[in-house]
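First the structure, in the form of structure tokens, and then the observations on it.
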Amino acid sequence: MTDVTDVTRADEVLRVEGLTVSIGPHEILRGVDLALAPGRVHGLAGESGSGKTMTGLATLGLLPHGARTGGRVVFGGRDLLALPQRQLNAVRGREIAMVFQDPATSLHPMLTIGRQLTEHMRHHLKLGRAEARARAVELLGQVRIPGPAAAVDRYPHQFSGGMRQRVAIAVALACGPKVLIADEPTTALDVTVQAGVLRLLRGLCDDLGLAVLLVTHDLGVMSAVADDVSVMKDGLVVETGPRGRVLREPDHPYTRALLDALPREKP
Amino acid sequence: MTLLTVDDLVVDHRTPGRPAVRAVAGASLSVAAGEVVGLVGESGCGKSTLARAVCGLVPAGGGTIAFEGGRVTRLGLRRRDRALTKIQMVFQDPYASLNPRRRVGAQIADGLEVAGDRETTPGGMLERVGLPGRMAGRYPHEFSGGQRQRIAIARALAARPSLLIGDEPISALDASAQAQVATLMRDLAVESGAGLLFISHDLSVVRLIADRIAVMYLGKIVETGPTAEVWANPRHPYTQALLRAVPEADGLGRLPQELAGDVPDPADPPPGCRFHPRCPAAMDVCAEREPAPGPVSCWLYPPA
């Protein structure tokens, strides 16, 4: 294991340095730099195909077959890209968790949500059956699922889209991760439901001191919850900075173009 | 002049062995020539079903749909009534709505033929939607999502419709292409003097292009009015909640307001006003009797 503690600053939990990913002859990411801090939401914006989802996946080593990576993902003094599979498995789901876009496909349709909430807790945290179940009920309460004690025995199809995404967030939080990667977590939801999920994410980030990487193409969502914003284009981060500055006084012409493409009131 | 009048429309979805789901439960709506009407609402509120009923894709269970003075009948296997080819639709997913095995030019030519237009070429139609005319010889898979939706729009416009319907035409597109495609639809429809019924759950886009807005909740239209007026002063509590939930890209970090609860099951709608279980302003009367349809269908605003 390479010791890279020296480059991780005190206020960072995860740092992506010069990350490159290529599949065959195509360069998907061409040197991405990002830093995540506890209790802060880092938004990653860009059009589809800009590499924002790939950045999230690469952080967890969830890349398609034949993908070659370069650069470093520094987490807890280790470079995740250089970590052997076994040790990476101990990090995934436990210290870094992920929430996907579509809760209808990211949850297993034939297992109760209780089963999906306890499986990794029993594996990673070595909890007993009863203990894990009690924690699952507590988690469901934390993500504000009504009647958590009864909900734990239900199946995903018995929940609405917004509730399913809350369950997916509970699954991600089960092992007490330090970093949460949320890939378009509200894109499949209606605005009214989206508002609830965004409030939940922001609250969890503040209460648990989570470092959140929020991947979204929606600059409105970005403006509502992110503290820092990075804008990606063609596999590169073109602009990064505090939310207020990037969205109000963008430096990069591409960020400005994205903002101008939003429907606004005609002058 | 009113082009399309939907009056007290009812559409049921029937599945064997299950109770019928009333997707549209007495909705009334009108679209005038050259007017853009935005129909908004949460998923499952019946807005797409209403659009499909307007062009005859699903049968109406009650109420009437009148188009240019005639009644809209169900689309069957036989050749469509000439008058009804003046209603054209742009579907949600351009990956599914274009035939993958035919050149896009040929698909656009179908529309031109229906309209009896021998002068316009498919290439000319492509140019109107902002694509190079020489691309008419290509197949749909050679285009991106935004380009395909432009082709679908060109195909719909080729038939010279007097009513264009867009059923969530932008929700499958990239954020940066959404506003462009929506504005394009509006401009082309208004230019040709056609009416446009634009269905979307994206309120910010509807605000940009619609002259009038209709808000739908669980099969009923709860509020209609000029877009600017509804936006500045939403009257129905549901419209208010919907507008409060839209996050703005203003960089201020304000969290949008949440609307508690879920959309009830349309197979078993609540009694009285359909919004009352989630309504912050619900009164006793709301649970008992349904408010009368009108510009604002709510007991807070009794008809004068």
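Residue numbers (the numbering used here), protein chains in the order written: chain P, 71 to 337; chain A, 2 to 305. We treat Cβ as the ideally placed atom computed from N, Cα and C, and that holds for glycine.
Neighbour flag for Ala-128 of chain P against chain A, beta carbons, 7 Å: Chain A contact via Cβ: absent.
Ala-211 of chain A to Thr-228 of chain A span [Cα, whole Å]: Between Ala-211 of chain A and Thr-228 of chain A, the C-alpha separation is close to 6 Å.
Inter-residue Cα distance where the pair is Cys-56 of chain A and Ala-137 of chain A: Inter-residue distance for Cys-56 of chain A and Ala-137 of chain A is about 27 Å (C-alpha atoms, whole angstroms).
Length of the line joining the Cα atoms of His-190 of chain P and Ala-244 of chain P: Roughly 8 Å between the two C-alpha positions.
6 Å CB neighbourhood of Leu-85 of chain A in its chain, flanking five on each side removed: Cβ neighbours of Leu-85 of chain A beyond the five flanking positions: none.
Chain-ordered residues of the region 118–152 of chain P with a beta carbon less than 9 Å from chain A: From the region 118–152 of chain P, only Ser-118, Gly-119 have a Cβ closer than 9 Å to chain A.
Simplified DSSP state of Leu-104 of chain P, which is helix, strand or coil: Leu-104 of chain P falls in the strand class under three-state DSSP.
Ala-153 of chain A vs Val-91 of chain A beta-carbon contact at 7 Å: Closer than 7 Å, so yes.
Any chain P beta carbon closer than 7 Å to Ala-246 of chain A: Yes, Ala-246 of chain A lies at the interface with chain P (some Cβ there is under 7 Å from its Cβ).
Beta-carbon neighbours of Leu-204 of chain A, restricted to chain P and to distances below 8 Å: Here the neighbours are Val-261.
Buried or exposed by the 16-neighbour rule on C-beta atoms within 10 Å, applied to Val-73 of chain A: Val-73 of chain A is classed as buried because its beta carbon has at least 16 other beta carbons within 10 Å across all chains shown.
Test item: CB-CB of Pro-296 of chain A and Thr-240 of chain A under 7 Å: Not a contact, by the Cβ cut-off of 7 Å.
Same chain only: Cβ atoms within 7 Å of Leu-174 of chain A, ignoring 5 sequence neighbours per side: Excluding residues within five positions, the ones whose Cβ falls inside 7 Å are Gly-146, Gly-147, Gln-150, Val-182.
Touching by the beta-carbon criterion (3+ pairs, under 8 Å), the region 180–194 of chain P and the region 224–233 of chain P: Enough Cβ pairs lie closer than 8 Å, so yes.
DSSP-derived helix/strand/coil call for Pro-227 of chain A: Strand.
Endpoints, the alpha helix (DSSP H) within which Pro-312 of chain P is located: Here Pro-312 of chain P belongs to no alpha helix (DSSP H); instead the beta strand (DSSP E) covers 306–312.
Touch test, the region 194–205 of chain A against the region 34–41 of chain A, Cβ-Cβ under 8 Å, three pairs minimum: Yes, since at least three Cβ pairs between the region 194–205 of chain A and the region 34–41 of chain A fall closer than 8 Å, the two stretches touch.
Buried versus exposed call for Gly-167 of chain A [16 or more other C-beta atoms within 10 Å across all chains shown]: With 16 or more neighbouring CB atoms inside 10 Å of its own CB, Gly-167 of chain A falls in the buried class.
Short CB-CB distance (under 7 Å) between Ala-258 of chain P and chain A: It does not: the Cβ of Ala-258 of chain P has no partner Cβ on chain A nearer than 7 Å.
Bridge partner(s) assigned by DSSP for Lys-303 of chain P: Beta-bridge pairing links Lys-303 of chain P to P:Leu-306.
Range covered by the beta strand (DSSP E) that runs through Tyr-218 of chain A: Tyr-218 of chain A -> beta strand (DSSP E) spans 213–218.
Contacting positions in the region 219–238 of chain P - beta carbon closer than 9 Å to chain A: Answer in chain order: Ser-230, Gly-231, Gly-232, Met-233.
Distance CB(Leu-164 of chain A)-CB(Leu-5 of chain A) smaller than 7 Å: Yes, these two residues count as a Cβ contact at 7 Å.
Gln-89 of chain A (DSSP reduced to helix, strand or coil): Gln-89 of chain A falls in the strand class under three-state DSSP.
C-beta atoms of Arg-236 of chain P and Val-207 of chain P nearer than 7 Å: Not in contact: Arg-236 of chain P and Val-207 of chain P (Cβ atoms no closer than 7 Å).
Contacting residues, own chain, Cβ-Cβ under 7 Å from Val-295 of chain P (five flanking each side not counted): These residues qualify, in order along the chain: Val-111, Leu-268, Leu-271, Arg-272, Leu-284.
Residues of the region 227–247 of chain A whose Cβ lies closer than 7 Å to any Cβ of chain P, in chain order: In summary, the residues of the region 227–247 of chain A whose CB is separated from some CB of chain P by less than 7 Å are Ala-242, Leu-243, Ala-246, Val-247, in the order they occur in the chain.
Same chain only: Cβ atoms within 7 Å of Gly-232 of chain P, ignoring 5 sequence neighbours per side: Around Gly-232 of chain P: Leu-259, Val-263, Gly-266, Val-267.
Presumed contact (8 Å Cβ cut-off) between Gly-101 of chain P and Gly-88 of chain P, rounded CB distance: The pair is a contact, with the Cβ atoms about 5 Å apart (cut-off 8 Å).
Counted within 10 angstroms of its Cβ, other Cβ atoms place Leu-317 of chain P as buried (16 or more) or exposed: Buried is the call here.
Contact set between Pro-257 of chain A and chain P, taken where Cβ atoms lie within less than 7 Å: Going along chain P in sequence order, the residues near Pro-257 of chain A (Cβ under 7 Å) are Ala-265, Leu-268, Ala-294.
CB of Gly-314 of chain P within 7 Å of CB of Gly-47 of chain A, strictly: Not closer than 7 Å, so no.
Under 9 Å by beta carbon: chain A residues contacting Arg-326 of chain P: Here the premise fails: no neighbours, minimum Cβ distance about 12 Å.
Short CB-CB distance (under 7 Å) between Leu-158 of chain A and chain P: Closer than 7 Å: no.
Enclosing beta strand (DSSP E) for Thr-139 of chain P [first to last residue]: Per DSSP, Thr-139 of chain P belongs to the beta strand (DSSP E) from 137–145.
Chain P residues whose Cβ lies nearer than 8 Å to that of Ala-180 of chain A: Those within 8 Å of Ala-180 of chain A in chain P are Ala-331, Leu-332, Pro-333.
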